[in-house]
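Residue numbers for the sequence shown follow my numbering, beginning at 17 and rising by one.
Just so you know, even glycine gets a beta-carbon here, dropped at the ideal spot from N, CA and C.
Keep in mind that this is a model prediction, so the values were computed, not measured.
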Amino acid sequence: MPEQELQRRYHLTTFGCQMNEHDSERMRGVLEENGWSPTADPEEADLLLFNTCSVRESAESRLLGRLGEARRLKNERPGRLIAIAGCFAQSRREDIFRDLPFVDIAFGPGDIGELAALAETAAGSAPASSFTFASAPSGGLPARRIDPYRAWVQVITGCTNFCSYCVVPGVRGPECSRPASDIVAEVERLVAEGVVEVTLLGQNVNSYGLDLGGGWSFSSLLGMLDGIKGLRRIRFTTSHPKDLGDDLVDAMRDLPSVCEHLHLPVQSGSNRILSRMNRGYTREHYLELVSGIYSCVPGVALTTDIIIGFPGEKEEDFYRTMTLAAECRYDGAFTFLYSPRPGTEAADFPGRIPETTKKRRMQELVGLIQAMALAKNEGLVGSVEEVLIEGPSRHGEGLLRGRTRGNKIVNFSPFSSGLGAGDFADVNIESATSTTLKGVQTPPRAGD
Ligand code: SAH
Ligand code: SF4
Ligand code: F3S
17 MPEQELQRRY HLTTFGCQMN EHDSERMRGV LEENGWSPTA DPEEADLLLF
67 NTCSVRESAE SRLLGRLGEA RRLKNERPGR LIAIAGCFAQ SRREDIFRDL
117 PFVDIAFGPG DIGELAALAE TAAGSAPASS FTFASAPSGG LPARRIDPYR
167 AWVQVITGCT NFCSYCVVPG VRGPECSRPA SDIVAEVERL VAEGVVEVTL
217 LGQNVNSYGL DLGGGWSFSS LLGMLDGIKG LRRIRFTTSH PKDLGDDLVD
267 AMRDLPSVCE HLHLPVQSGS NRILSRMNRG YTREHYLELV SGIYSCVPGV
317 ALTTDIIIGF PGEKEEDFYR TMTLAAECRY DGAFTFLYSP RPGTEAADFP
367 GRIPETTKKR RMQELVGLIQ AMALAKNEGL VGSVEEVLIE GPSRHGEGLL
417 RGRTRGNKIV NFSPFSSGLG AGDFADVNIE SATSTTLKGV QTPPRAGD
């Protein structure tokens, strides 16, 4: 029906990391300001938009699977547009329309503001694309947030670290910090809209401000944000160990709204592998950082990323990763099988590890991480944790679900009715698994 076509609906699928989730919020913002409305059903959509990731081959394969489906929908209704955004699009910018001829629109992470105009052009017939390599932060664009009470905030874009396995510097461009005054203004606006928790985003937040000059640092930014009244929690990701200074650890200890959770990707526990990864720190330096954090920030939760099966990883290298992990007593870890990425230095390294070996190592590591996470969580049994409620729990009628300051999921029974997403509750932790806590809300204190 012509009326339906006039409504112009889009369907958005997001792959990849939190930067991409946040970029997707801004794609929604840009589209909806230009008369598009969202639909959860791809069959109803006039625009099928994919915000893509190319960090591992598996992300690309999943995308290609979904594109097959999009192509079928387009064949059913040829006026339908297919758009590819994000890191995969940026990495294939030269050949994307040749390799994927059914694609109408392609643009990179720095071109989100162009989306509505690209859709107009492509609807007019020719494919349209926009790729800016060195992308300035796009935090000023309108965003359609998923939650009213928590928000992502971009503080630094790009990456200039060139870890030898990683596509990100090649697709997101060099590091570029957002001026602190812009960030503070955005957070103040978010808090005025009802946000109580922000997560500051950057590939390496610890190098925030270095490109701005004037002595800016990530800890000074945290100090400014901590002063915003009504902002209860500040989280941030990701910290690079080579740039983690005492000032950040002190900020975590001293600033009330900065949560006691540090995600500090180690990637490997072997100095030989760390050096081939071009990570810029040693096992010993990392362990020193961790012991400093544990002694300075009581109750801090520590999580990490680890790559298994990097080229040339011998059994003894893997064993070093296992002993480092055990020493770090992680609360959790994202573990990845090494995936060779075209255009990265490591893709040409000799010593590929057989899949069976990678998978066996992965199983051993995951077993260790789960045991450590369980022990850490069991250590919280009997304590009272502040929980920010996300909504009803799937684990039982009347239960609520939320997160502690250490970012642990808690399912709990509320003391009184009427609590919902965005509210805080103090919860007495009664039991734990390796991934979740369970408890009962303590009666609210007078004045709460
Ligand atoms: N900037 C962040 C991480 C971004 S990518 C940091 O440096 O910590 C997220 C994680 O994906 C990385 O920490 C790494 O563990 C993993 N990763 C990146 N490239 C990979 C590859 N080629 N194969 C497997 N895992 C990879
Ligand atoms: Fe990739 Fe390394 Fe940059 Fe992280 S710091 S995005 S792993 S190059
Ligand atoms: Fe994120 Fe994937 Fe790009 S991890 S930065 S969406 S390559």
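Span of the alpha helix (DSSP H) around residue i
i	result
V171	Premise fails: V171 is in no alpha helix (DSSP H) and is neither H nor E.
Y310	R299 to C312
Y335	E331 to C344
V184	V184 to R188
Alpha-carbon to alpha-carbon, residue j and residue i
i	j	result
M17	Q23	Here the model assigns M17 a pLDDT of 42, short of 50, so the residue's position is not dependable, and the following value carries that caveat. Near 11 Å, if we compare the C-alpha coordinates of Q23 and M17.
L47	R109	22 Å
Y224	F149	20 Å
H38	D266	28 Å
I385	R376	14 Å
K330	V456	47 Å
F365	V282	20 Å
A132	L238	34 Å
D227	T351	31 Å
Y165	R114	43 Å
V184	Q170	16 Å
A142	D111	16 Å
C312	A139	57 Å
T176	E191	6 Å
N294	E361	10 Å
G383	L353	15 Å
A342	R292	23 Å
T458	D442	6 Å
L217	R87	33 Å
F31	R82	11 Å
E85	G230	51 Å
V403	S433	16 Å
Cβ shell of residue i (< 6 Å), same chain only, five flanking positions each side left out
i	result
F66	T29 and I100
S286	D333 and R336
G246	V207
Q20	Residue placement at Q20 is poorly supported in this model, since its pLDDT is 47, which falls under 50; the coordinates still yield a value, given next. Same-chain partners within the cutoff: there are none.
V468	Lying outside 17 to 464, the shown extent of the chain, residue 468 is not represented and no answer is given.
Sequence-distant residues of the same chain with beta carbon closer than 8 Å to residue i, five excluded per side
i	result
H27	P54, T55, A56, D57, P58, E60, A61, L63, L64 and L65
S409	L415, L416, R417, N427 and F428
R25	W52, S53, P54, T55, E60, A61, D62 and L63
L271	L238, G239, D242 and I250
Cutoff 8 Å: residue i Cβ touching any chain B Cβ
i	result
K375	Among the chains of the structure shown, chain B does not appear; only one protein chain is present.
Identified DSSP bridge partners for residue i
i	result
G202	In the sequence under discussion, the amino acid at residue 202 is Glu, which differs from the Gly named in the question. In the DSSP output, where bridge partners are listed per residue, E202 has none listed.
C192	T173
I369	Answer by DSSP bridge pairing: none, since I369 is not bridged.
V316	For V316, which the question treats as bridged, DSSP gives no partner whatsoever.
F352	I323
P408	L416
V400	N444
Opening and closing residue of the beta strand (DSSP E) in which residue i lies
i	result
D442	F440 to A448
H27	R25 to T30
I425	I425 to S429
G418	L416 to R419
Q457	T452 to Q457
A144	A144 to S146
E213	E213 to L217
Chain-order list of residues whose beta-carbon lies under 7 Å from that of residue i (same chain, five-residue window excluded)
i	result
K90	R96, I98 and F118
K392	R345 and D347
E76	S70 and F104
N222	F234, S255, H256, D259, L260 and L264
S450	Q386, A389, L390 and N393
R160	E41, R44, G45 and E48
L396	I445, A448 and L453
Within the segment 45 to 133, ranges of the alpha helix (DSSP H) (whole runs, at least 4 residues): 73 to 92, 102 to 107 and 112 to 115
Ranges of the alpha helix (DSSP H) found wholly within the segment 234 to 289, counting only runs of at least 4: 234 to 242 and 262 to 270
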